[in-house]
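Protein sequence lines correspond, in order, to chains A and B. One gets our numbering by counting positions in the first sequence from 1 and adding 11 to each. One gets our numbering by counting positions in the second sequence from 1 and adding 11 to each. Ideal placement from N, C-alpha and C gives every residue a C-beta, glycine not left out. No experiment lies behind these values; they were computed from the predicted model shown.
2 protein chains.
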Amino acid sequence: MFYIIARFYSFIYIYKIMLGLLKKKPIDKLVEVLGKNKVITSIVERKLYSYDATPIPVERAVPSAVIFPESQEDVQKLVEICYQEEVPIFPRGAGSGLTGGAVPTLEKGVVVSFEKMKKFSVDVDNATVVVEPGVITYELQQYVEKLGLFYPPDPSSFKYSTIGGNIAENAGGPRCLKYGVTREYVLGLTAVIKEGKVLKTGNPVIKDVAGYDITKFFVGSEGTLGLITSATLKLIPKPKARATALVLFERLEDVGKAVTKIMTSGVFPSALEFMDADAIRAVEAHKPVGLPKDVSALLLIEIDGSVEGVKEDLNTVEKLLTSMGLRVQIAQDEAQAEKLWMARKNLGPALANLRTGKINEDIVFPRIYLSEAIPKLREIAKKYDLLMVIFGHIGDGNLHVNLLYDKKNREEEERAERAVDEVFELALRYNGSITGEHGVGLTKRKFLRWQLGDVGIEVMKGIKMVFDPKNLFNPGKLFSEN
Amino acid sequence: MFYIIARFYSFIYIYKIMLGLLKKKPIDKLVEVLGKNKVITSIVERKLYSYDATPIPVERAVPSAVIFPESQEDVQKLVEICYQEEVPIFPRGAGSGLTGGAVPTLEKGVVVSFEKMKKFSVDVDNATVVVEPGVITYELQQYVEKLGLFYPPDPSSFKYSTIGGNIAENAGGPRCLKYGVTREYVLGLTAVIKEGKVLKTGNPVIKDVAGYDITKFFVGSEGTLGLITSATLKLIPKPKARATALVLFERLEDVGKAVTKIMTSGVFPSALEFMDADAIRAVEAHKPVGLPKDVSALLLIEIDGSVEGVKEDLNTVEKLLTSMGLRVQIAQDEAQAEKLWMARKNLGPALANLRTGKINEDIVFPRIYLSEAIPKLREIAKKYDLLMVIFGHIGDGNLHVNLLYDKKNREEEERAERAVDEVFELALRYNGSITGEHGVGLTKRKFLRWQLGDVGIEVMKGIKMVFDPKNLFNPGKLFSEN
Chain A
12 MFYIIARFYS FIYIYKIMLG LLKKKPIDKL VEVLGKNKVI TSIVERKLYS YDATPIPVER
72 AVPSAVIFPE SQEDVQKLVE ICYQEEVPIF PRGAGSGLTG GAVPTLEKGV VVSFEKMKKF
132 SVDVDNATVV VEPGVITYEL QQYVEKLGLF YPPDPSSFKY STIGGNIAEN AGGPRCLKYG
192 VTREYVLGLT AVIKEGKVLK TGNPVIKDVA GYDITKFFVG SEGTLGLITS ATLKLIPKPK
252 ARATALVLFE RLEDVGKAVT KIMTSGVFPS ALEFMDADAI RAVEAHKPVG LPKDVSALLL
312 IEIDGSVEGV KEDLNTVEKL LTSMGLRVQI AQDEAQAEKL WMARKNLGPA LANLRTGKIN
372 EDIVFPRIYL SEAIPKLREI AKKYDLLMVI FGHIGDGNLH VNLLYDKKNR EEEERAERAV
432 DEVFELALRY NGSITGEHGV GLTKRKFLRW QLGDVGIEVM KGIKMVFDPK NLFNPGKLFS
492 EN
Chain B
12 MFYIIARFYS FIYIYKIMLG LLKKKPIDKL VEVLGKNKVI TSIVERKLYS YDATPIPVER
72 AVPSAVIFPE SQEDVQKLVE ICYQEEVPIF PRGAGSGLTG GAVPTLEKGV VVSFEKMKKF
132 SVDVDNATVV VEPGVITYEL QQYVEKLGLF YPPDPSSFKY STIGGNIAEN AGGPRCLKYG
192 VTREYVLGLT AVIKEGKVLK TGNPVIKDVA GYDITKFFVG SEGTLGLITS ATLKLIPKPK
252 ARATALVLFE RLEDVGKAVT KIMTSGVFPS ALEFMDADAI RAVEAHKPVG LPKDVSALLL
312 IEIDGSVEGV KEDLNTVEKL LTSMGLRVQI AQDEAQAEKL WMARKNLGPA LANLRTGKIN
372 EDIVFPRIYL SEAIPKLREI AKKYDLLMVI FGHIGDGNLH VNLLYDKKNR EEEERAERAV
432 DEVFELALRY NGSITGEHGV GLTKRKFLRW QLGDVGIEVM KGIKMVFDPK NLFNPGKLFS
492 EN
């Protein structure tokens, strides 16, 4: 009798173990397949990876694990398991995004960080480079420039952000005026999509019209279509020379005219950056570089190319602008130029000195409307009684509109959030965009339909379904309704 | 009694008329809604519009009508009717395509020709232009250059091909090495998709990362997603100066080395064109420009930019190449440069003098493999006993491989067709593409899966369904299985 009962219980025990194996938790499965050192479940790690650089509060969850794949095979395996087990996947580059693109929003989800996938190999003769997503943009740039080659995209975060993140967000930067954004440099991709399928797109060639351009479509898709495991990037010849000029404006309305004159003079500047009076004051209060504080605005112009070509172009631009009655100062050497560009790059920290809270929007206006739109932006700031600082890439109409507030003052913070709605509305009224560089992520979801319309959103959702029918890749991003 | 019978018959009569109205033929409906002058059903017109410039025989049908819309509203109405009535739509620009993209393949289908939609309006301050699809590329270029602006894409057909066709095929050309292909210049589109829905994408701004980039995705989709009714194009500053150099090669293997040296010297040529010995001989036999007939190959280099910059760059390139032992000739004036470029542009007609039939393929190799691949292409020609002439945009690895044959010799034509298969195989073996400029259309359908793989084709088909679930936009193109 005892024997029978014992058998019975042992059967149940074995059955339970087998059931347990069959019903193993998704995270255990991931650990089993990838190994413990690639799937981290400590609460410290999980909390750390639930943030990115987004300056305002967003919906956020502590993920159930952080995964650090080391190869395409790892990525394929993890997507297979997550797809079977319906585990949401939140991909992450350096976490330097400003719209919550890398923030996990579901507790049952996992963060996939690519920081261990950072190999790259340059092909000088072909002027291409194959990169893993975790490569830091700046490191790549430094490396290829020594070979006479050039990878232009330069988001402010370029010293720490990764190529994977740059591709996911289609990163821009000042130099994109002349050289184009990240998308223009991505020739091919390997990505893991639904069910762990491997999608290879493009080739290490500049021209390729065989079928729909899935490569470029992936760029800027904010991790919602799949996980990029490698990319082939185009490199171009590194310009031999570079020069910087500073233009000072008494009147804001002259800025637009100056930009048009430059852009139709046969000179193609590599950057045309704008700072308003408050931005200038903020820089001078933070780390003074000797900018005059009595002007309404300034332009920083960068010209690159051959040695003689840069001289000629600088000369053309200087003549053009002085004939408009503007003050032009040309940086006499590398150090002076560097100082001016540091002023521009230090704007972020400079603003942090003014107020504890900052909403940095990156709206875009068609260039022609800038002179008209900037005063209207100021009206919004006045209406909501907020400090607003405007700077940005004026050559492509991409303005960084910064609404500053005191983080401890919840009422002021709310005012800033309401003001942002009007800022977006203004950009759309002028046929612009709610985002030129930062992406939609979590923070701009509700505005996307305003810009794209119902048909646009319908098409986007349809395409998302093709790559990710279970909505497991970065769910909750881009679309406000799921 | 008679009265009752008469009533009965008159009822039937009225019923028949109503039924007839309800069951009106699709073409009659189109005529009714758009008007007789926009819907042409004469057999002459229908036959005329069943061809494009594709040099080899393709599957072809005489369509049931040719429609000439004059506005977006016309396009919307016609798509609505065609979608209701399940009438296939074959969009057409100038019909200058080489892969059958504009050829109707179903008798019940209609050709939609955009030749009456050719308005455009330039915004100089914003450096953008809004164009209707029927605008001829060359006319637009001439117009904007007078304003100090520049629209670079330059397919060989640019003097007669249209912007709509160029967008549908993502047209390239020599200058795309430096300036990028058509896609890089399309900032926004209005398109009519399934059920006559109007899709607006993008904005007249350079940077825009709000949502998936549907704009660029439409470019190169060969009319399979919808009908483009207007596009916003980016214009850039027109370079002030331009110069041309001719480089002569005794040995083919030096060509690749020369290209790498140029592209890592800090000089970014606006074009790098290659002609092999047979191409040179063909030009000299057709319209002599004094090219030496004893060399293995030549390079035509174009450099543009500022006046002094061009001089410096020419000098750099000349020194570099002569130090490699190559002969370099610099065009002394505009007329000499023009003559050299005419030689390159006349290659098409020159080849027509050699044989009556020509298959002109536009495969792409990563630049590094060119020196290796060209002799292998020659082997294919030898194997099939065909005359092969190679020229093309060597800077981006895009080679025009011309297989020449006698049109009356069916056996030779078949040999040429078989040789093409091996040409494509070679390009793919070297990680290249089956098409850099011409698109897939009808003639390259069977090769697309080779290049993209099963997952690639699956994704493409899925996306096609989002825009066109009834498969009515240019059916039979791109995909070999429907």
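Cross-chain neighbours of residue i in chain B, by beta carbon under 8 Å
i	result
Glu323/A	Ser317, Val318, Glu319 and Gly320
Proximal residues of chain B, C-beta to C-beta of residue i below 9 Å
i	result
Cys187/A	Ile217 and Lys218
Closer than 8 Å to chain B by CB, residue i
i	result
Gln83/A	no
Met471/A	yes
Gln462/A	yes
Gly145/A	no
Ile474/A	yes
Lys251/A	yes
Leu158/A	yes
Gly120/A	no
Asp407/A	yes
Leu489/A	yes
Val451/A	yes
Glu448/A	yes
Unbroken alpha helix (DSSP H) run spanning residue i, endpoints
i	result
Ser382/B	Leu381 to Lys394
Glu284/A	No alpha helix (DSSP H) contains Glu284/A, which is instead part of the beta strand (DSSP E) from Ala282 to Asp287.
Ile178/A	Ile174 to Glu180
Proximity to residue i [Cα-Cα], best of the options
i	options	result
Gly234/A	Thr110/A, Asp315/A and Phe376/A	Thr110/A
Tyr94/B	Ala113/B, Ser61/B and Ile38/B	Ile38/B
Leu362/A	Ile374/A, Asp417/A, Gln343/A and Gln87/A	Asp417/A
Lys298/B	Trp352/B, Ala308/B and Tyr171/B	Trp352/B
Ile67/A	Ala76/A, Glu43/A and Gly112/A	Gly112/A
Tyr154/A	Met128/A, Ser444/A and Thr139/A	Thr139/A
Leu310/A	Glu345/A, Gly267/A and Ala296/A	Gly267/A
Ser281/B	Ile474/B, Glu383/B, His404/B and Ser107/B	His404/B
Enclosing beta strand (DSSP E) for residue i [first to last residue]
i	result
Asp324/B	It is not in any beta strand (DSSP E) - Asp324/B instead sits in the alpha helix (DSSP H) that spans Val318 to Thr333.
Arg253/B	Ala252 to Phe260
Asp265/B	Counting along the chain, Asp265/B falls outside any beta strand (DSSP E), though it belongs to the alpha helix (DSSP H) covering Glu264 to Met274.
Val477/A	Premise fails: Val477/A lies in the alpha helix (DSSP H), Arg456 to Phe478, not in any beta strand (DSSP E).
Val122/B	Val121 to Ser124
Arg338/B	Arg338 to Ile341
Contact with chain A by residue i, beta-carbon distance below 8 Å
i	result
Tyr223/B	yes
Pro377/B	yes
Asn413/B	no
Ala276/B	The sequence shown places Ser at residue 276/B, rather than the Ala named in the question. Closer than 8 Å: yes.
Asn493/B	Interpretation of Asn493/B is limited by its pLDDT of 49, a score under 50 that renders its predicted location unreliable; the figure taken from the coordinates is listed afterwards. Not closer than 8 Å to any Cβ of chain A, the Cβ of Asn493/B fails to qualify, so no.
Ser444/B	yes
Phe228/B	yes
Asp63/B	no
Glu329/B	no
Thr496/B	Residue 496/B falls outside the range modelled here, since chain B spans only 12 to 493, and no answer is possible.
Phe478/B	yes
Lys88/B	no
Gly183/B	yes
Ile383/B	The residue you asked about is not Ile; residue 383/B is Glu in the sequence shown. It does not: the Cβ of Glu383/B has no partner Cβ on chain A nearer than 8 Å.
Gly301/B	no
Lys208/B	yes
Interface partners of residue i on chain A, CB under 7 Å
i	result
Phe279/B	Ile247 and Pro248
Thr212/B	Gly467
Glu195/B	Gly191 and Glu195
Chain A contact residues for residue i, given Cβ-Cβ distances below 8 Å
i	result
Gly231/B	Val220, Tyr223 and Asp224
Glu180/B	Val220
Val135/B	Thr271 and Thr275
Chain A residues whose Cβ lies nearer than 9 Å to that of residue i
i	result
Ala138/B	Thr271, Met274, Thr275 and Arg378
beta-carbon residue i near the ligand SAM non-hydrogen atom, thresh 7 Å
i	result
Lys170/B	Questions concerning the ligand SAM fall outside what the structure shown contains, since it holds no ligand whatsoever.
query = What are the complete beta strand (DSSP E) segments, minimum 3 residues, inside the region 189-223 of chain A?
reply = 197-203 and 209-213
message = Suppose only complete runs of 3+ residues qualify. What are the beta strand (DSSP E) ranges in the region 79-160 of chain B, listed by chain order?
response = 100-103, 121-124, 131-134 and 139-142
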